[in-house]
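Down below is the structure, laid out as C-alpha cells.
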Amino acid sequence: GAVVSQHPSWVICKSGTSVKIECRSLDFQATTMFWYRQFPKQSLMLMATSNEGSKATYEQGVEKDKFLINHASLTLSTLTVTSAHPEDSSFYICSASPFLGPDSPLHFGNGTRLTVT
Amino acid sequence: GQQLNQSPQSMFIQEGEDVSMNCTSSSIFNTWLWYKQDPGEGPVLLIALYKAGELTSNGRLTAQFGITRKDSFLNISASIPSDVGIYFCAGRPRTSGTYKYIFGTGTRLKVLA
Chain H
26 GAVVSQHPSW VICKSGTSVK IECRSLDFQA TTMFWYRQFP KQSLMLMATS
76 NEGSKATYEQ GVEKDKFLIN HASLTLSTLT VTSAHPEDSS FYICSASPFL
126 GPDSPLHFGN GTRLTVT
Chain B
9 GQQLNQSPQS MFIQEGEDVS MNCTSSSIFN TWLWYKQDPG EGPVLLIALY
59 KAGELTSNGR LTAQFGITRK DSFLNISASI PSDVGIYFCA GRPRTSGTYK
109 YIFGTGTRLK VLA
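Residue numbers (the working numbering), protein chains in the order written: chain H, 26 to 142; chain B, 9 to 121.
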C-alpha cells in the first residue's frame with residue numbers, strides 16, 4: 026500500500042518553456058503532498074506543501090510564481106516549472122502520506138529528472 | 009533550508025560486515041524516518057520511529073530513536089551488495105506545526121564483494 030506515482034520520470038525541455046510534473050497517490054487519498062528538489066549528490070530539500078483545494082505553502086527562498094503547484098483532487102498534485110532555465114535542472118520528487126498525523130511517514134514517488142537545455 | 013547532520017558521509021565496507029550510521033540534531037524531534045535511495049529513484053522508506061528509545065527492526069536493518077530525541081541510529085547487519093545506495097534520515101521537529109520532514113545529508117554506502 027501507500028504507492029505514489031510520478032510522471033514523467035524524465036523530461037528535457039528548452040530554456041523558456043514550461044514543464045508540468047504530476048504526482049498521484051494510487052491507493053490512498055492525500056489532502057497534502059510535499060514537493061522536494063534534489064541536486065546531484067545532495068539531500069532532499071522541501072520546496073512546498075501542496076494542499077488539496079487551497080493554495081500551496083512554499084518554503085523560504087522558493088519562488089511561487091516559478092514553481093506553480095495545483096492540488097485539484099485528493100489523488101493528484103501537479104508542479105509546473107514555468108519559464109524554465111538551465112539552473113532549474115534537477116531531480117524533483119513528490120511525497121504523500123495516507124493520513125496526516127504524528128505517526129505518518131512519507132512515501133515518495135520515483136522522481137522526475139528535469140534537464141533544461 | 010534546515011538539514012540534519014548525518015555521518016558518516018560515505019563508507020566502503022566488505023560484504024558481510026555490519027554498518028552503522030547516525031543522524032544528529034540540535035533540536036528535539038518527534039519522529040525519525042530512515043530511507044534508502046537508489047540512483048535515479050525516489051527514496052524508499054525503511055524504518056519509522058515514533059517514540060524516544062524505540063528500537064525497531066526490518067530484516068537486517070535496525071534503527072533506534074535516541075533517548076534525547078535529538079538523534080537516531082541505523083544499523084545494517086551482514087551487508088550484501090544490494091545494500092549499496094544512499095541512506096537518508098528524516099526527522100519531524102517537535103516545533104513543527106505541520107507534518108514537514110527535514111532530511112539528513114545522506115550516507116553513501118558502497119559494499120565490496
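All residues carry an ideal CB built from backbone N, CA and C; glycine is no exception.
One finds G48, E49, G50 in chain B with Cβ atoms closer than 8 Å to the Cβ of G136 (chain H), taken in chain order.
Within chain H, S68 have C-beta atoms less than 7 Å from the C-beta of Q11 (chain B), given in sequence order.
Bounds of the beta strand (DSSP E) holding S102 (chain H) are 101-106. Contact annotation for L41 (chain B) against chain H: P130, L131 [CB-CB distance below 8 Å, chain order]. The residue among H:G26, H:V106, H:L99, H:M72 with its C-alpha nearest the C-alpha of C119 (chain H) is H:M72.
Nearest C-alpha to D46 (chain B) among H:S122, H:K39, H:F116, H:T142: H:F116.
Residue pairing by DSSP puts M70 (chain H) in a beta bridge opposite H:R62. By the criterion of a C-beta distance shorter than 7 Å, F92 (chain H) is surrounded in its chain by M72, A73, L104, V106, once the five residues flanking it on both sides are discounted.
Among the CB atoms of chain H, none fall inside 8 Å of the CB of G93 (chain B). Counting only runs of 4+ residues, no alpha helix (DSSP H) is found wholly inside the segment 20-70 of chain B. Using a CB distance cut-off of 8 Å, F73 (chain B) does not count as an interface residue toward chain H. Excluding the 5 residues flanking it on each side, E23 (chain B) has same chain C-beta neighbours closer than 7 Å at S87, I88, P89, V119, L120, A121, in chain order.
Shown here, D91 (chain B) sits in a helix according to DSSP, grouped into three states. Taking the CA atoms as reference points, M29 (chain B) sits about 17 Å from T76 (chain B). In the DSSP assignment, Q14 (chain B) falls within the unbroken beta strand (DSSP E) covering 13-15.
It is roughly 15 Å from the alpha-carbon of T42 (chain H) to the alpha-carbon of W35 (chain H).
A distance below 8 Å separates the beta carbons of V29 (chain H) and A121 (chain H).
Rounded to whole angstroms, the separation of the alpha carbons of G134 (chain H) and F64 (chain H) is 16 Å. The segment 42-56 of chain B makes contact with the segment 64-73 of chain B; the number of CB pairs closer than 8 Å reaches 3 or more. Neighbours of L99 (chain H) across chain B, judged by C-beta separation under 8 Å, do not exist; the nearest C-beta is about 16 Å away. Between the C-alpha atoms of A27 (chain H) and A97 (chain H) there is a straight-line separation of about 19 Å. When the alpha-carbon of L131 (chain H) is set against those of B:D79, B:S80, B:F73, B:I55, the nearest one is in B:I55. Of all residues in the segment 99-113 of chain H, none is placed with a Cβ closer than 7 Å to any Cβ belonging to chain B.
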